[in-house]
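Peer 1: Encoded as C-alpha cells, here's the structure I'll be asking about.
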Amino acid sequence: MAVVFDKPHALTDATMHYCPGCTHGIIHRLIAEVIDELGIEGDTIGVASVGCSVMAYDYFNVDFVQAAHGRAPAVATGVKRSDPSKVVFTYQGDGDLAAIGTAETVHSAARRENITVIFVNNAIYGMTGGQMAPTTLPGMVTQTSPYGRNVEAVGYPVKVCEMLSEIDGAAYLERVAVNNVANVRKAKAAIKKAFEYQLSGKGFSLVEIVSTCPTNWGVSPEKALSFVDTDMIPYYPLGVYKDIYAEEDAG
C-alpha cells in the first residue's frame, strides 16, 4: 500500500509542548519535511532561541546549539564559519529576533552570512506570559498594553522583512503564513528555497512566518486563525521582499 502521509524522519517522536492552536508544530513539520527532501539531516545544525521555541532541540533529529536570548544569528555565524559544509538554521520568535536580537539579525544580513533564519511572528511574547512584543499590532491588547498598543507612546511595530530588504547583504527574504492549506504549501516552498540558497552558497536568507498564539491572544484556535487573515496579514503582507537571484533562477 502506498504511503501518502507520514511523519518526517527529521522530526523526533517527542510530544510537543505547544498550546492547542499554536502553529509552531506546523512550522516544525515543514522544516523537517524540507530536511528530508533535501537529504541533509546528517549535515544540518539548528540554533534554538529563547522563547516558546526554546525546546526545538527536542523535536528535530539534527544537532542543535542553544543560544542566549536573541543571539541565535551570531551563534549560527560561528557554527557556519567553523564548518561551512553544514547547513545551519536558526529558529526564532519575534520577541527574540526583533527585540533583543535585532542587532544580531541586521548584522548577519549585512555580512551576507550563509545561514537560514526561520522567524516566527505571532505578535506577542508567548513563553513569558503575553507581553507586548516589537511586532504587536497597533491597538492590540496584551498583558503590558491592556488598553491596546498606543503607537504614540511606545512606537510602531517592527516590520522585519521590510527593514532587512534595505540591507545589501540580504539575499532572500519572504513572509508567509500557515493559517490555511494554501498558505502552508507556500510556506514550505519558501523554507525549501531558503535552505537551497544556503546549499548553493547564496548567502543570508530569512523566512518570516505569520503565526498564532491563541493562549496569549485570549481567543480560540479557530478565531486565532481568522485573526491572522483579518488583522495580521493586512499589517504584515505576505510575499517575497527580496530575492537577488530571482532573475538568475528564472533564466
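For the sequence shown, the numbering used here puts the final residue at 1497, and the numbers step up evenly by one. Cβ atoms here follow ideal geometry from the backbone N, Cα and C, with glycine treated the same way.
Please specify which runs of the alpha helix (DSSP H), each continuous and at least 4 residues long, are wholly inside the region 1411 to 1484, giving them in chain order.
Peer 2: 1427 to 1445, 1460 to 1463, 1467 to 1473
Peer 1: Where does Val1249 fall in DSSP's three states?
Peer 2: In the sequence shown, the residue the question calls residue 1249 occupies position 3. DSSP places Val1249 in the coil class of the three-state scheme, outside both helix and strand.
Peer 1: So, Phe1306 versus Ala1256, is the Cβ gap smaller than 8 Å?
Peer 2: Sequence index remark: in the sequence shown, residue 1306 carries index 60 (1-based). Sequence index remark: in the sequence shown, residue 1256 carries index 10 (1-based). Yes, they are a contact pair.
Peer 1: Distance check for Val1308 and Ala1322, CA to CA, integer angstroms please.
Peer 2: By one-based count along the sequence shown, residue 1322 stands at place 76. By one-based count along the sequence shown, residue 1308 stands at place 62. The straight-line gap from Cα to Cα measures roughly 14 Å.
Peer 1: Inspect the CB distances between the region 1264 to 1278 and the region 1455 to 1462 and report whether three or more fall short of 8 Å.
Peer 2: yes
Peer 1: Tell me whether the region 1322 to 1332 and the region 1358 to 1375 touch, counting them as touching only if at least three CB pairs, one residue from each stretch, are closer than 8 Å.
Peer 2: yes
Peer 1: Please name the residue, chosen from Ala1436, Ser1472, Thr1348, Ser1466, that lies closest to Tyr1487 on a Cα-to-Cα basis.
Peer 2: To locate residue 1487, count along the sequence shown from 1; it is residue 241. For Tyr1487, the nearest C-alpha among the options comes from Ala1436.
Peer 1: State whether the region 1288 to 1297 contacts the region 1465 to 1477, with contact taken as three or more CB pairs (one from each stretch) at a distance under 8 Å.
Peer 2: no
Peer 1: Return no unless some Cβ of chain B is closer than 8 Å to the Cβ of His1274.
Peer 2: Reference to chain B is not applicable here, since this structure consists of a single protein chain.
Peer 1: Nearest to Ala1302 by CA position, among Gly1324, Ala1260, Gly1485, is which residue?
Peer 2: Counting from one through the sequence shown, the residue named residue 1302 turns up at place 56. It is Ala1260.
Peer 1: Spell out a yes or no on whether the region 1430 to 1445 and the region 1339 to 1355 are touching, meaning 3 or more CB-CB pairs, one atom from each, closer than 8 Å.
Peer 2: Contact fails: fewer than three Cβ-Cβ distances are below 8 Å.
Peer 1: Using the DSSP secondary-structure output, state which residues sit across from Asn1367 in a beta bridge.
Peer 2: Here residue 1367 is taken as the residue at index 121 of the sequence shown, counted from 1. Val1456, per the DSSP bridge assignment.
Peer 1: Would you kindly work out how many angstroms separate the C-alpha atoms of Gly1394 and Gly1385, rounded to a whole number?
Peer 2: As a working mapping, residue 1394 is identified with position 148 in the sequence shown. As a working mapping, residue 1385 is identified with position 139 in the sequence shown. Cα-Cα distance, rounded: 4 Å.
Peer 1: Just mark Phe1365 as buried or exposed, buried being the case when its beta carbon has 16 or more other beta carbons within 10 Å.
Peer 2: Looking up residue 1365 in the sequence shown gives position 119. Under this definition Phe1365 is a buried residue.
Peer 1: Quickly, what does DSSP pair Val1404 with across the bridge? List them, please.
Peer 2: In the sequence shown, the residue the question calls residue 1404 occupies position 158. Val1404 pairs with nothing; no bridge assigned.
Peer 1: Just confirm the distance between the C-beta atoms of Tyr1481 and Asn1367, as a whole number of angstroms; I'd bet it's less than 8 Å.
Peer 2: On the sequence shown, residue 1481 is found 235 positions in, with the first residue counted as 1. On the sequence shown, residue 1367 is found 121 positions in, with the first residue counted as 1. Not a contact, Cβ separation roughly 10 Å.
Peer 1: Hey, how far is the Cα of Thr1388 from the Cα of Ala1248?
Peer 2: As a first step, residue 1388 must be located in the sequence shown, where it is residue number 142. As a first step, residue 1248 must be located in the sequence shown, where it is residue number 2. Approximately 47 Å, taken between the alpha carbons.
Peer 1: Give the list of continuous alpha helix (DSSP H) stretches no shorter than 4 residues that lie fully inside the region 1281 to 1348.
Peer 2: Uninterrupted alpha helix (DSSP H) stretches at least 4 residues long and entirely within the region 1281 to 1348 occur at 1318 to 1328, given in chain order.
Peer 1: Among Ile1273, Pro1254, Met1262, which has the Cα closest to the Cα of Lys1434?
Peer 2: Reading the sequence shown from its first residue, position 188 is the one you call residue 1434. In terms of Cα proximity to Lys1434, the closest of Ile1273, Pro1254, Met1262 is Ile1273.
Peer 1: Measuring CA to CA, which of Ser1451, Asp1342, Gly1447, Lys1438 is closest to Leu1276?
Peer 2: Taking the first residue of the sequence shown as position 1, residue 1276 is located at position 30. It is Lys1438 whose Cα lies nearest to the Cα of Leu1276.
Peer 1: DSSP puts Leu1257 in a beta bridge; with which residues?
Peer 2: Along the sequence shown, read from residue 1 onward, the residue named residue 1257 stands at position 11. BP columns for Leu1257 point to Phe1306.
Peer 1: Our contact map puts Val1296 next to His1315 with C-beta atoms below 8 Å; I'd like the distance itself, whole angstroms only.
Peer 2: By one-based count along the sequence shown, residue 1296 stands at place 50. By one-based count along the sequence shown, residue 1315 stands at place 69. Their Cβ separation, rounded to whole angstroms, is 4 Å, which keeps Val1296 and His1315 in contact under 8 Å.
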